[in-house]
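Colleague:
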Amino acid sequence: MTQQAHILIVDDDRDIRTLLSRFLQSHGFVASVAASGKEMRAFLANQHVDLIVLDRVMPGEDGLELCHELQQTTRVPVILLSLLGSENDRIEGFEAGADDYVLKPFSPAELLGRIRAVLRRANDLPRGNTASGSTVEFLGWVLDRSKRQLFAPDGSLVTLTDGDYELLEVFVDYPQMVLTRDQLLGRTRGKHTGPFHRSMDMRIARLRRKIETGADQPAIIRTLRNKGYVFMPDVKVREE
């Protein structure tokens with residue numbers, strides 16, 4: 001799948017745009033370019049892309065802000081390019097929603113390897129079963145995906161972090177299907193399990209505390225030892 005993937009390069013440096021687009025095209029990708037956040041939005045309004053390579057520091061709009069915006073509006077993976085390489089800089093990039101963080105100057109061959117790795121994670125599961133803007137129900141719970149809100153069976157609003165919401169959204173997309181940790185990481189924005197991010201097990205434990213009546217004997221998210229997790233309830237799309 002990666003050989004036909006469409007990559008959008010967003011960088012204010014024309015030389016980098018030209019270099020990367022030619023390099024990626026020579027390796028079988030479709031490559032398009034944008035010089036700013038404005039051009040990126042205009043392009044995405046009319047074209048599908050599989051991955052975005054985004055410069056962190058650009059005139060006018062900060063790459064972190066653009067990355068966060070993409071996190072809220074699309075599931076397209078993002079690789080940030082940056083001259084800023086401190087630990088805090090990397091943390092900020094990942095927390096903004098980046099799937100990977102590459103320091104400038106970089107080797108095009110290294111970036112190619114990282115692009116392929118991110119695409120493998122993103123393509124590890126088939127397309128989800130429910131529409132991204134739909135409202136879905138399970139066991140009396142209501143997830144409003146257009147507003148990113150979860151309501152308990154008694155009608156109360158449940159506070160979710162971005163990480164909680166993204167994880168739950170993956171589960172309702174793939175109900176009653178075994179999902180490995182790698183698949184869950186590949187479908188959420190907390191993909192890095194290094195020292196900057198909680199492990200997937202901890203994230204699931206946190207979500208369970210919010211939706212399970214008995215965390216010791218979970219009925220909604222079941223653990224299958226050495227296999228992964230299963231979202232047990234039937235999921236129905238609410239008719240509007």
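Every letter in the sequence shown is one number past the one before it in this note's numbering, and letter 175, counting from 1, is 175.
C-beta atoms are modelled at their ideal positions from N, C-alpha and C, and glycine is treated no differently.
Being a predicted model, the structure only gives us computed values, none of them experimental.
1) Under the rule that 16 or more other beta-carbon atoms within 10 Å means buried, what is Leu139, buried or exposed?
2) By alpha-carbon positions, which one of Pro175, Leu103, Met200, Ser107 ends up nearest to Leu184?
3) Should Thr188 be labelled buried (16 or more other beta-carbon atoms within 10 Å of its own) or exposed?
4) Count the other C-beta atoms from every protein chain shown that fall within 10 angstroms of the C-beta of Ala122, then say buried if there are 16 or more, exposed otherwise.
5) Check whether the Cβ atoms of Leu8 and Ser32 sit closer than 8 Å, and answer yes or no.
6) Going by DSSP, name the residue or residues bridged to Phe43.
7) With a 10 Å radius around its C-beta and 16 neighbouring C-beta atoms as the bar for buried, classify Pro77 as buried or exposed.
8) For Leu168, I'd like the list of residues in its chain whose CB is within less than 8 Å of its CB, leaving aside the five on either flank, ordered along the chain.
9) Report, in whole angstroms, the separation of the C-beta atoms of Gly80 and Ala98, which I expect to be a contact under 8 Å.
10) Confirm, please, whether the CB-CB distance from Ser82 to Val53 is below 8 Å.
11) Could you check where the beta strand (DSSP E) with Val235 kicks off and where it finishes?
12) Do Val158 and Arg145 have their beta-carbon atoms positioned less than 8 Å apart in this structure?
13) Compute the beta-carbon to beta-carbon distance between Asp234 and Pro175, rounded to the nearest angstrom, for a pair I have assumed lies under 8 Å.
14) Tyr165 lies in the alpha helix (DSSP H); which residues open and close that run?
15) Would you report the Cα separation of Ile204 and Leu20, rounded to the nearest angstrom?
Modeller: Based on what the coordinates show:
1) exposed
2) Met200
3) buried
4) buried
5) yes
6) BP columns for Phe43 are empty, so no partner.
7) buried
8) Leu143, Leu150, Leu160, Leu207, Ile211
9) The identity of residue 80 in the sequence shown is Leu, whereas the question assumes Gly. That pair is a contact at about 4 Å.
10) no
11) No beta strand (DSSP E) holds Val235; DSSP gives it neither H nor E.
12) no
13) 7 Å
14) 162-173
15) 38 Å
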